[in-house]
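The structure under discussion appears below in the form of structure tokens.
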Amino acid sequence: MAYTKRFDGRKFDETREIRAEIGVIPRADGSALFAFGDTIAIAAVYGPRTLHPQHLQDPERGVLRVVYDMISFSVLDRKRPGPSRRSQEISKITEWALAPAVQIEEFQGTVVDVHITILQANASTRCAGINAAALALAHAGVPMTDLITSVSVGKIDNQIVVDVIKEEEDYEEGEGSTDIAMSFKSSSGDLTHLQLDGKIRGRELKEAIEAGKKACKKIYEIQKKVLKQVGMEEA
Amino acid sequence: MIAKEEEQEELEQEDTVESSHREIVIPGEKIADGDDYLAGEGTRKEGKSIIASRFGLADKSDRLIKIIPLSGIYMARRGNIVIGKVLDITFNGWIIDIGSPYASFLPVAECPRFINKNDLAEFYDIGDMIVAKVWSVKRKGIDLTIKSRGLGKLEGGMIIKINSNKVPRVIGKAGSMINLIKEATGCDITVGQNGIIWIRGSKVEDELFAEKAIRFVTEKSFIEGLTEKTKEWIEEQKQEEKKEKTKEKK
Chain G
300 MAYTKRFDGR KFDETREIRA EIGVIPRADG SALFAFGDTI AIAAVYGPRT
350 LHPQHLQDPE RGVLRVVYDM ISFSVLDRKR PGPSRRSQEI SKITEWALAP
400 AVQIEEFQGT VVDVHITILQ ANASTRCAGI NAAALALAHA GVPMTDLITS
450 VSVGKIDNQI VVDVIKEEED YEEGEGSTDI AMSFKSSSGD LTHLQLDGKI
500 RGRELKEAIE AGKKACKKIY EIQKKVLKQV GMEEA
Chain A
8 MIAKEEEQEE LEQEDTVESS HREIVIPGEK IADGDDYLAG EGTRKEGKSI
58 IASRFGLADK SDRLIKIIPL SGIYMARRGN IVIGKVLDIT FNGWIIDIGS
108 PYASFLPVAE CPRFINKNDL AEFYDIGDMI VAKVWSVKRK GIDLTIKSRG
158 LGKLEGGMII KINSNKVPRV IGKAGSMINL IKEATGCDIT VGQNGIIWIR
208 GSKVEDELFA EKAIRFVTEK SFIEGLTEKT KEWIEEQKQE EKKEKTKEKK
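Here it is as structure tokens:
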């Protein structure tokens, strides 16, 4: 049977309910929470600040450093705390997704630290993490050319869906499941990150990217709204 | 007074905030189109439009668009009065932590009187708090000086820290806010541009009251006519205190 109806009854191009909050961590220079339904990520930004140990410093530009981690109770089977192969990979991927927008060239010898923590996971955690990190970076007053927005698009059997959940990720009937995480520069629409897990035809990939772009426009509006709201309160 | 110069500078900032057109912008957002405006601090020109490069208040005054930051770390500027902590002593000066990304240095030569180079700790020891002026901001470091009246070591009192972007609000127009708090509490207050504030009063209660007042100002900084509001708030607090005291006596 083809995938005609989603597990949670959403439309194929509909994301889960999005929740975004700014300033959730008072001690950080900037912080944000971003949630796709029950996937919840928080991000804290510190810096620019002097980078130690010194040999990691770049005399030509500031360094962006991202740490992604899932809290041990975020998934059904307890996640062993501490860095893992997976979390290190996602940290690096997130760093590369954000780097094209972050302008820290003038802060030579410093680091901007971004700490992403997944409080609760139901697929698309890296996308929630990137969205939270983008908000937190903006909140920290780090110069950026653009805001970054991220979403996951899936091909479940041969249906393109937006914002994948765990059940869809594990779908095995028909052509099975393909998960594509992607990030865009919000205003210019440039792609900064694209990851594909599974099989897909070229035509379908293009279709998926278009669907992702469309979804990101909606997510961007929410990011914009919460930032402006916080601005009004702080101004 | 210590804070005279900075107050002058902040006076200008405060004016632009209140009198000209302003709106919240986010990175990548278009602020204006065409050649009517010049791209100032925190903005960039892309083709014909001016785009925001950071989160803050876009301020359009005259023909210049700039962004007034609302959050983020303190970036030192020449002439700023700052409060810092002595981190380390070198052979010719002190390393001071002022909460900026780069280390700041106070050379012995910038001290107003003769100091025996063999015993710098005698003058300022590690952990001492000092008020200093930013003398120069270089690519990878900040130089400080204390060759001005009112600068130097802070003794007694207490230190509090606020968001450095709220400092103009705490000082107020021509220092109106800070003078109000000083008068109401009878405390001696020095506000560093880096968000570190030193309060010294004759009683600890007065100091705590001053801190409370400053926290009130930073939390309510978006209200119009804040100085008046703060005045009312201070009166209220004082009356409550009196009531409590009479209760205790009974």
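So the protein lines, in turn, are chains G and A.
The opening residue of the first sequence carries number 300 in this note's numbering; numbering runs sequentially from there.
The opening residue of the second sequence carries number 8 in this note's numbering; numbering runs sequentially from there.
For every residue, glycine included, the Cβ atom is placed at its ideal position computed from N, Cα and C.
Same chain, Cβ closer than 7 Å to residue i, five either side skipped, listed in chain order
{"i": "residue 96 (chain A)", "result": "127, 128, 133"}
{"i": "residue 445 (chain G)", "result": "400, 484, 485, 486, 487"}
{"i": "residue 303 (chain G)", "result": "none"}
Residue-chain proximity (residue i, chain A), Cβ-Cβ < 8 Å
{"i": "residue 402 (chain G)", "result": "yes"}
{"i": "residue 407 (chain G)", "result": "yes"}
{"i": "residue 348 (chain G)", "result": "yes"}
{"i": "residue 442 (chain G)", "result": "yes"}
{"i": "residue 354 (chain G)", "result": "no"}
{"i": "residue 439 (chain G)", "result": "yes"}
{"i": "residue 533 (chain G)", "result": "yes"}
{"i": "residue 446 (chain G)", "result": "yes"}
{"i": "residue 523 (chain G)", "result": "yes"}
{"i": "residue 527 (chain G)", "result": "yes"}
{"i": "residue 486 (chain G)", "result": "yes"}
{"i": "residue 530 (chain G)", "result": "yes"}
{"i": "residue 328 (chain G)", "result": "yes"}
CB contact below 8 Å: residue i versus chain G
{"i": "residue 108 (chain A)", "result": "yes"}
{"i": "residue 35 (chain A)", "result": "yes"}
{"i": "residue 175 (chain A)", "result": "no"}
{"i": "residue 62 (chain A)", "result": "yes"}
{"i": "residue 146 (chain A)", "result": "yes"}
{"i": "residue 310 (chain A)", "result": "No answer is possible for residue 310 (chain A): it lies beyond the span of chain A, which begins at 8 and ends at 257."}
{"i": "residue 76 (chain A)", "result": "yes"}
{"i": "residue 79 (chain A)", "result": "yes"}
Contacts around residue i, its chain only, beta-carbon distance under 8 Å, and the 5 residues preceding and following it disregarded
{"i": "residue 417 (chain G)", "result": "338, 339, 340, 367, 368, 369, 370, 373, 424, 427, 428"}
{"i": "residue 153 (chain A)", "result": "113, 117, 118, 119, 137, 138, 139, 140, 159"}
{"i": "residue 163 (chain A)", "result": "207"}
{"i": "residue 520 (chain G)", "result": "none"}
Environment of residue i [buried if 16+ CB atoms lie within 10 Å]
{"i": "residue 380 (chain G)", "result": "exposed"}
{"i": "residue 119 (chain A)", "result": "exposed"}
{"i": "residue 176 (chain A)", "result": "buried"}
{"i": "residue 121 (chain A)", "result": "exposed"}
{"i": "residue 421 (chain G)", "result": "buried"}
{"i": "residue 471 (chain G)", "result": "exposed"}
{"i": "residue 397 (chain G)", "result": "buried"}
{"i": "residue 55 (chain A)", "result": "exposed"}
{"i": "residue 552 (chain G)", "result": "A query on residue 552 (chain G) cannot be resolved here, the shown segment of chain G reaching from 300 to 534 and no further."}
{"i": "residue 246 (chain A)", "result": "exposed"}
{"i": "residue 501 (chain G)", "result": "exposed"}
{"i": "residue 25 (chain A)", "result": "The predicted model places residue 25 (chain A) with a pLDDT of 47, which falls under 50 and marks its position as unreliable; any figure quoted below should be read in that light. Burial call: exposed."}
{"i": "residue 50 (chain A)", "result": "buried"}
{"i": "residue 99 (chain A)", "result": "exposed"}
{"i": "residue 125 (chain A)", "result": "exposed"}
{"i": "residue 197 (chain A)", "result": "buried"}
{"i": "residue 492 (chain G)", "result": "buried"}
Presumed contact (8 Å Cβ cut-off) between residue i and residue j, rounded CB distance
{"i": "residue 462 (chain G)", "j": "residue 364 (chain G)", "result": "In fact, because the Cβ distance is near 28 Å, the residues do not count as touching under 8 Å."}
{"i": "residue 138 (chain A)", "j": "residue 159 (chain A)", "result": "6 Å"}
{"i": "residue 32 (chain A)", "j": "residue 63 (chain A)", "result": "7 Å"}
{"i": "residue 47 (chain A)", "j": "residue 71 (chain A)", "result": "5 Å"}
{"i": "residue 236 (chain A)", "j": "residue 227 (chain A)", "result": "7 Å"}
{"i": "residue 7 (chain A)", "j": "residue 107 (chain A)", "result": "Outside the modelled stretch of chain A, which goes from 8 to 257, sits residue 7 (chain A), for which no answer is possible."}
{"i": "residue 456 (chain G)", "j": "residue 474 (chain G)", "result": "5 Å"}
Beta-carbon proximity list for residue i, same chain, < 6 Å, skipping 5 on both sides
{"i": "residue 329 (chain G)", "result": "344, 435, 438, 439"}
{"i": "residue 86 (chain A)", "result": "none"}
{"i": "residue 20 (chain A)", "result": "Because residue 20 (chain A) carries a pLDDT of 49, less than 50, the predicted location of this residue cannot be relied on, and no value is offered for it."}
Worksheet item: What residue ranges within the stretch 207-242 of chain A form continuous beta strand (DSSP E) runs of no fewer than 3 residues, ordered along the chain?
Response: Within the stretch 207-242 of chain A, no complete beta strand (DSSP E) run reaches 3 residues.
Discussion item. Runs of 4 residues minimum, wholly inside the stretch 405-448 of chain G: which ones carry the alpha helix (DSSP H) assignment?
Written reply: Correct list: 424-438.
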